[in-house]
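The structure appears right after this line, and notes come after that.
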Amino acid sequence: MVTPLLIRPCTPAELPALVGLLDEEFIFSKGRRLSLATRLPTALHAGNCPNILLACRGDEIAACIVIKRFDWIAPERNWRGAMIGLVYTRPSERGQGLASRLLRAAEEKLRADGTAFAVLWTAQPEFYRRLGWASSDRGVFGTYASAGGSAAGCTPADVGAIEALRLHGPGAHMPRSAASYRTLPLPAERLELLARPDGAAYAIYGVQADRAFVYEFGGEPSGYAALWRDICAAPRTVYINARHGSAAQQWLAAVPGIGWHDQALAMWLPLAEPACARHFGGWYVPFLDRI
75 MVTPLLIRPC TPAELPALVG LLDEEFIFSK GRRLSLATRL PTALHAGNCP
125 NILLACRGDE IAACIVIKRF DWIAPERNWR GAMIGLVYTR PSERGQGLAS
175 RLLRAAEEKL RADGTAFAVL WTAQPEFYRR LGWASSDRGV FGTYASAGGS
225 AAGCTPADVG AIEALRLHGP GAHMPRSAAS YRTLPLPAER LELLARPDGA
275 AYAIYGVQAD RAFVYEFGGE PSGYAALWRD ICAAPRTVYI NARHGSAAQQ
325 WLAAVPGIGW HDQALAMWLP LAEPACARHF GGWYVPFLDR I
(Lines of atoms letter the chains of each structure in order from A and count residues from 1; the text may use other names and numbers.)
(Lines give C-alpha, C1' and ligand atoms only; values in the text may rest on other atoms or scores of the structure.)
Protein backbone atom coordinates (compact mmCIF):
# COMPACT_ATOMS: atom_id res chain seq x y z
CA MET A 1 0.00 0.00 0.00
CA VAL A 2 1.30 3.46 -0.91
CA THR A 3 1.79 5.72 2.09
CA PRO A 4 -0.44 8.82 1.77
CA LEU A 5 1.27 12.10 0.94
CA LEU A 6 1.10 14.98 3.41
CA ILE A 7 2.14 18.56 2.64
CA ARG A 8 3.27 20.43 5.75
CA PRO A 9 5.97 22.82 7.04
CA CYS A 10 9.43 21.49 7.80
CA THR A 11 10.38 21.15 11.46
CA PRO A 12 13.77 22.29 12.79
CA ALA A 13 14.59 18.66 13.59
CA GLU A 14 14.06 17.72 9.92
CA LEU A 15 16.11 20.56 8.49
CA PRO A 16 19.52 18.78 8.53
CA ALA A 17 18.10 15.81 6.61
CA LEU A 18 16.46 18.15 4.09
CA VAL A 19 19.70 20.08 3.61
CA GLY A 20 21.45 16.75 2.99
CA LEU A 21 19.01 15.93 0.18
CA LEU A 22 19.37 19.39 -1.36
CA ASP A 23 23.16 19.31 -1.11
CA GLU A 24 23.31 15.97 -2.91
CA GLU A 25 21.03 17.26 -5.68
CA PHE A 26 22.45 20.75 -6.23
CA ILE A 27 26.00 20.65 -4.82
CA PHE A 28 27.92 17.40 -4.45
CA SER A 29 26.47 15.51 -7.43
CA LYS A 30 27.67 18.39 -9.60
CA GLY A 31 31.19 18.48 -8.18
CA ARG A 32 30.58 21.68 -6.22
CA ARG A 33 31.63 22.60 -2.70
CA LEU A 34 30.02 24.22 0.37
CA SER A 35 26.62 23.23 1.71
CA LEU A 36 23.52 25.19 0.79
CA ALA A 37 23.06 25.86 4.51
CA THR A 38 26.28 27.89 4.29
CA ARG A 39 25.40 29.45 0.95
CA LEU A 40 21.84 30.49 1.84
CA PRO A 41 21.87 31.53 5.51
CA THR A 42 18.74 33.69 5.15
CA ALA A 43 16.62 30.78 3.84
CA LEU A 44 17.92 27.48 5.24
CA HIS A 45 17.80 28.14 8.97
CA ALA A 46 15.54 26.90 11.74
CA GLY A 47 13.67 30.20 12.02
CA ASN A 48 12.49 29.88 8.42
CA CYS A 49 11.11 26.35 8.81
CA PRO A 50 7.46 27.56 8.72
CA ASN A 51 8.23 28.76 5.17
CA ILE A 52 9.82 25.50 4.01
CA LEU A 53 7.10 23.19 2.72
CA LEU A 54 7.60 19.43 2.55
CA ALA A 55 5.68 16.71 0.79
CA CYS A 56 6.15 13.66 3.03
CA ARG A 57 5.23 10.00 2.98
CA GLY A 58 5.37 9.05 6.61
CA ASP A 59 8.74 10.25 7.88
CA GLU A 60 10.31 10.35 4.42
CA ILE A 61 10.71 13.66 2.58
CA ALA A 62 9.44 13.19 -0.97
CA ALA A 63 9.70 16.80 -2.18
CA CYS A 64 10.20 20.33 -0.91
CA ILE A 65 9.96 24.01 -1.73
CA VAL A 66 11.65 26.90 0.09
CA ILE A 67 10.02 30.31 0.56
CA LYS A 68 11.93 33.42 1.59
CA ARG A 69 9.81 36.40 2.63
CA PHE A 70 11.00 39.97 2.17
CA ASP A 71 9.98 43.61 2.21
CA TRP A 72 10.17 45.26 -1.21
CA ILE A 73 10.80 48.99 -0.89
CA ALA A 74 9.69 50.63 -4.13
CA PRO A 75 9.32 54.31 -5.08
CA GLU A 76 5.54 54.00 -5.36
CA ARG A 77 5.06 52.13 -2.03
CA ASN A 78 6.27 49.17 0.03
CA TRP A 79 5.17 45.64 -0.79
CA ARG A 80 5.29 42.27 0.98
CA GLY A 81 6.99 39.78 -1.31
CA ALA A 82 8.15 36.19 -1.27
CA MET A 83 10.70 34.37 -3.38
CA ILE A 84 10.56 30.68 -4.11
CA GLY A 85 13.50 28.38 -4.74
CA LEU A 86 15.08 24.98 -4.15
CA VAL A 87 12.12 23.18 -5.72
CA TYR A 88 13.16 19.56 -5.25
CA THR A 89 11.61 16.11 -5.73
CA ARG A 90 13.28 12.88 -4.65
CA PRO A 91 14.20 10.89 -7.82
CA SER A 92 11.90 7.98 -6.94
CA GLU A 93 8.95 10.40 -6.62
CA ARG A 94 9.37 12.32 -9.87
CA GLY A 95 6.69 12.40 -12.52
CA GLN A 96 3.83 12.49 -10.02
CA GLY A 97 3.19 16.23 -9.94
CA LEU A 98 4.60 16.83 -6.45
CA ALA A 99 6.35 20.06 -7.45
CA SER A 100 3.09 21.44 -8.85
CA ARG A 101 1.24 20.50 -5.66
CA LEU A 102 3.85 22.20 -3.50
CA LEU A 103 3.77 25.33 -5.64
CA ARG A 104 -0.03 25.47 -5.32
CA ALA A 105 0.25 25.00 -1.57
CA ALA A 106 2.83 27.79 -1.37
CA GLU A 107 0.60 30.07 -3.45
CA GLU A 108 -2.38 29.43 -1.18
CA LYS A 109 -0.30 30.05 1.95
CA LEU A 110 1.10 33.34 0.64
CA ARG A 111 -2.18 34.61 -0.76
CA ALA A 112 -3.95 33.89 2.54
CA ASP A 113 -1.51 35.91 4.65
CA GLY A 114 -1.59 38.97 2.39
CA THR A 115 1.68 38.56 0.50
CA ALA A 116 1.45 40.83 -2.54
CA PHE A 117 3.54 38.85 -5.02
CA ALA A 118 6.03 36.02 -5.48
CA VAL A 119 9.12 35.74 -7.66
CA LEU A 120 11.40 32.90 -8.71
CA TRP A 121 14.20 32.26 -11.22
CA THR A 122 14.19 29.30 -13.56
CA ALA A 123 15.53 27.92 -16.82
CA GLN A 124 12.26 25.95 -17.25
CA PRO A 125 9.69 28.72 -17.73
CA GLU A 126 7.03 26.56 -19.41
CA PHE A 127 6.48 24.49 -16.27
CA TYR A 128 5.81 27.59 -14.17
CA ARG A 129 3.85 29.35 -16.90
CA ARG A 130 1.28 26.55 -16.77
CA LEU A 131 0.82 27.39 -13.09
CA GLY A 132 0.13 31.07 -13.76
CA TRP A 133 3.59 32.60 -13.48
CA ALA A 134 4.68 35.29 -15.97
CA SER A 135 8.19 35.96 -17.31
CA SER A 136 9.73 39.40 -16.95
CA ASP A 137 13.45 39.92 -16.42
CA ARG A 138 15.41 43.18 -16.47
CA GLY A 139 18.66 41.30 -15.98
CA VAL A 140 21.56 41.21 -18.42
CA PHE A 141 24.62 38.97 -18.32
CA GLY A 142 28.09 40.04 -19.38
CA THR A 143 31.27 38.05 -20.03
CA TYR A 144 34.79 39.49 -20.05
CA ALA A 145 38.22 37.87 -20.37
CA SER A 146 40.65 39.74 -18.12
CA ALA A 147 44.34 39.52 -18.94
CA GLY A 148 45.22 40.85 -15.49
CA GLY A 149 46.89 44.10 -14.54
CA SER A 150 47.71 46.41 -11.67
CA ALA A 151 45.23 46.89 -8.83
CA ALA A 152 43.72 50.25 -7.88
CA GLY A 153 44.00 49.71 -4.13
CA CYS A 154 40.34 49.33 -3.18
CA THR A 155 39.68 48.02 0.32
CA PRO A 156 37.30 45.51 1.94
CA ALA A 157 33.88 47.09 2.25
CA ASP A 158 31.96 47.56 5.48
CA VAL A 159 28.51 45.97 5.39
CA GLY A 160 26.91 48.95 7.11
CA ALA A 161 28.42 51.36 4.60
CA ILE A 162 27.19 49.25 1.67
CA GLU A 163 23.70 49.12 3.11
CA ALA A 164 23.64 52.89 3.58
CA LEU A 165 24.55 53.41 -0.08
CA ARG A 166 21.96 50.86 -1.21
CA LEU A 167 19.12 52.37 0.77
CA HIS A 168 19.76 55.81 -0.71
CA GLY A 169 19.95 54.52 -4.27
CA PRO A 170 17.18 54.78 -6.88
CA GLY A 171 14.74 52.02 -7.67
CA ALA A 172 13.19 49.21 -5.67
CA HIS A 173 15.21 47.13 -3.22
CA MET A 174 14.93 44.88 -0.18
CA PRO A 175 16.70 45.67 3.11
CA ARG A 176 19.47 43.24 4.02
CA SER A 177 20.63 41.82 7.33
CA ALA A 178 24.19 40.84 8.26
CA ALA A 179 23.31 37.27 7.22
CA SER A 180 22.40 38.54 3.74
CA TYR A 181 26.05 39.45 3.22
CA ARG A 182 27.08 35.86 3.95
CA THR A 183 25.04 34.59 1.00
CA LEU A 184 27.21 32.82 -1.57
CA PRO A 185 25.51 32.21 -4.92
CA LEU A 186 26.52 29.16 -6.92
CA PRO A 187 29.13 28.41 -8.15
CA ALA A 188 31.28 30.96 -6.25
CA GLU A 189 33.33 29.70 -3.31
CA ARG A 190 34.23 33.05 -1.77
CA LEU A 191 32.39 36.37 -1.51
CA GLU A 192 34.24 39.67 -1.82
CA LEU A 193 32.90 43.05 -0.67
CA LEU A 194 35.04 45.81 -2.13
CA ALA A 195 34.93 49.59 -1.63
CA ARG A 196 36.72 52.54 -3.10
CA PRO A 197 38.97 54.04 -0.38
CA ASP A 198 36.67 57.03 0.10
CA GLY A 199 33.67 54.72 0.53
CA ALA A 200 31.67 56.36 -2.25
CA ALA A 201 31.24 53.18 -4.31
CA TYR A 202 31.27 49.44 -3.74
CA ALA A 203 31.25 46.12 -5.59
CA ILE A 204 30.06 42.68 -4.50
CA TYR A 205 31.40 39.68 -6.37
CA GLY A 206 32.11 35.98 -5.94
CA VAL A 207 35.25 34.05 -6.81
CA GLN A 208 35.69 30.44 -7.88
CA ALA A 209 39.12 29.37 -9.17
CA ASP A 210 39.92 31.62 -12.16
CA ARG A 211 36.41 33.04 -12.43
CA ALA A 212 34.78 36.09 -10.87
CA PHE A 213 31.03 36.69 -10.69
CA VAL A 214 30.00 40.32 -10.30
CA TYR A 215 26.68 40.60 -8.49
CA GLU A 216 26.44 44.29 -7.78
CA PHE A 217 28.05 47.71 -8.25
CA GLY A 218 26.65 50.56 -6.19
CA GLY A 219 27.28 54.08 -5.01
CA GLU A 220 28.85 56.80 -7.14
CA PRO A 221 29.58 55.75 -10.75
CA SER A 222 32.79 57.77 -10.59
CA GLY A 223 34.14 55.00 -8.34
CA TYR A 224 33.36 52.09 -10.66
CA ALA A 225 36.63 52.30 -12.62
CA ALA A 226 38.76 51.59 -9.55
CA LEU A 227 36.52 48.71 -8.48
CA TRP A 228 36.55 47.19 -11.96
CA ARG A 229 40.33 47.50 -12.15
CA ASP A 230 40.73 45.58 -8.90
CA ILE A 231 38.30 42.85 -9.96
CA CYS A 232 40.25 42.44 -13.21
CA ALA A 233 43.71 42.63 -11.62
CA ALA A 234 44.03 38.83 -11.83
CA PRO A 235 43.83 36.96 -15.15
CA ARG A 236 40.34 35.48 -15.02
CA THR A 237 36.99 35.27 -16.75
CA VAL A 238 34.61 37.83 -15.28
CA TYR A 239 30.86 37.22 -15.41
CA ILE A 240 28.59 40.19 -14.75
CA ASN A 241 25.01 40.20 -13.51
CA ALA A 242 23.32 43.59 -13.76
CA ARG A 243 20.01 45.33 -14.21
CA HIS A 244 19.59 46.60 -17.76
CA GLY A 245 19.86 50.38 -17.84
CA SER A 246 21.21 50.75 -14.29
CA ALA A 247 24.09 53.14 -13.65
CA ALA A 248 26.44 50.16 -13.24
CA GLN A 249 25.31 48.47 -16.43
CA GLN A 250 25.58 51.69 -18.43
CA TRP A 251 29.12 52.21 -17.14
CA LEU A 252 30.14 48.61 -17.86
CA ALA A 253 28.55 48.74 -21.33
CA ALA A 254 31.24 51.26 -22.27
CA VAL A 255 34.06 48.86 -21.30
CA PRO A 256 35.53 47.32 -24.47
CA GLY A 257 35.44 43.54 -24.68
CA ILE A 258 32.37 42.75 -22.57
CA GLY A 259 29.84 40.60 -24.41
CA TRP A 260 26.23 40.99 -23.27
CA HIS A 261 23.01 39.04 -23.55
CA ASP A 262 19.63 39.27 -21.88
CA GLN A 263 18.73 37.03 -18.98
CA ALA A 264 15.33 35.36 -19.03
CA LEU A 265 15.14 33.75 -15.61
CA ALA A 266 12.76 35.81 -13.47
CA MET A 267 9.09 34.85 -13.22
CA TRP A 268 6.45 36.63 -11.18
CA LEU A 269 3.07 35.79 -9.68
CA PRO A 270 0.65 38.43 -8.34
CA LEU A 271 -1.02 37.22 -5.15
CA ALA A 272 -3.02 39.21 -2.58
CA GLU A 273 -2.48 42.54 -4.39
CA PRO A 274 -2.87 41.95 -8.14
CA ALA A 275 -2.19 45.63 -8.90
CA CYS A 276 1.52 45.07 -8.24
CA ALA A 277 1.76 43.12 -11.53
CA ARG A 278 2.02 46.35 -13.51
CA HIS A 279 5.43 46.95 -11.91
CA PHE A 280 6.98 43.55 -12.66
CA GLY A 281 8.48 44.76 -15.93
CA GLY A 282 10.66 47.28 -14.11
CA TRP A 283 11.67 45.32 -11.02
CA TYR A 284 15.01 43.52 -10.61
CA VAL A 285 16.18 41.46 -7.63
CA PRO A 286 20.00 41.34 -7.33
CA PHE A 287 21.69 37.94 -7.24
CA LEU A 288 22.81 38.33 -3.63
CA ASP A 289 19.18 38.48 -2.50
CA ARG A 290 17.96 35.40 -4.38
CA ILE A 291 17.49 31.76 -3.45
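According to the numbering used here, the stretch in the sequence shown is residues 75 to 365, in order. Think of the CB as a built atom: it goes at the ideal place given N, C-alpha and C, for glycine as much as any other residue.
Item, Value
"N- and C-terminal bounds of the alpha helix (DSSP H) containing Gln324", "Ala321 to Ala327"
"Residue interval of the alpha helix (DSSP H) (run including Ser174)", "Leu172 to Ala186"
"Three-state secondary structure assigned by DSSP to Pro165", "helix"
"Presumed contact (8 Å Cβ cut-off) between Tyr313 and Thr217, rounded CB distance", "6 Å"
"For Ala231, the three-state DSSP class (helix, strand or coil)", "coil"
"Opening and closing residue of the beta strand (DSSP E) in which Val214 lies", "Gly213 to Ser220"
"The beta strand (DSSP E) enclosing Asp336, as first and last residue numbers", "Gly333 to Asp336"
"Where Thr112 falls: helix, strand or coil (DSSP)", "helix"
"Contact under 9 Å by Cβ, Ser220 with Ala286", "yes"
"Distance CB(Arg256)-CB(Pro115) smaller than 9 Å", "yes"
"For Tyr298, the three-state DSSP class (helix, strand or coil)", "helix"
"Status (buried if at least 16 other CB within 10 Å, exposed otherwise) for Pro149", "exposed"
"8 Å CB neighbourhood of Ala120 in its chain, flanking five on each side removed", "Pro86 and Leu89"
"CA nearest to the CA of Cys130, picked from Arg164, Glu294 and Thr112", "Arg164"
"Cα-Cα separation between Ala192 and Leu343, rounded to whole angstroms", "5 Å"
"Residues of its chain near Phe366, where Cβ-Cβ distance is below 6 Å and the 5 sequence neighbours each way are ignored", "Outside the modelled stretch of the chain, which goes from 75 to 365, sits residue 366, for which no answer is possible."
"Identified DSSP bridge partners for Lys142", "Met157"
"Paired residues, beta bridge with His318 - DSSP", "The partner list for His318 (beta bridge, DSSP) is empty, contrary to what the question assumes."
"Same chain, Cβ closer than 8 Å to Gly331, five either side skipped, listed in chain order", "Tyr218 and Ala219"
"Buried/exposed call for Arg352, threshold 16 Cβ in 10 Å", "exposed"
"Beta-carbon contacts of Leu80 that lie in its chain and below 6 Å, excluding the five residues immediately before and after", "Cys130"
"Coil, strand or helix - Val288 by DSSP", "strand"
"Range covered by the beta strand (DSSP E) that runs through Tyr279", "Ala275 to Gln282"
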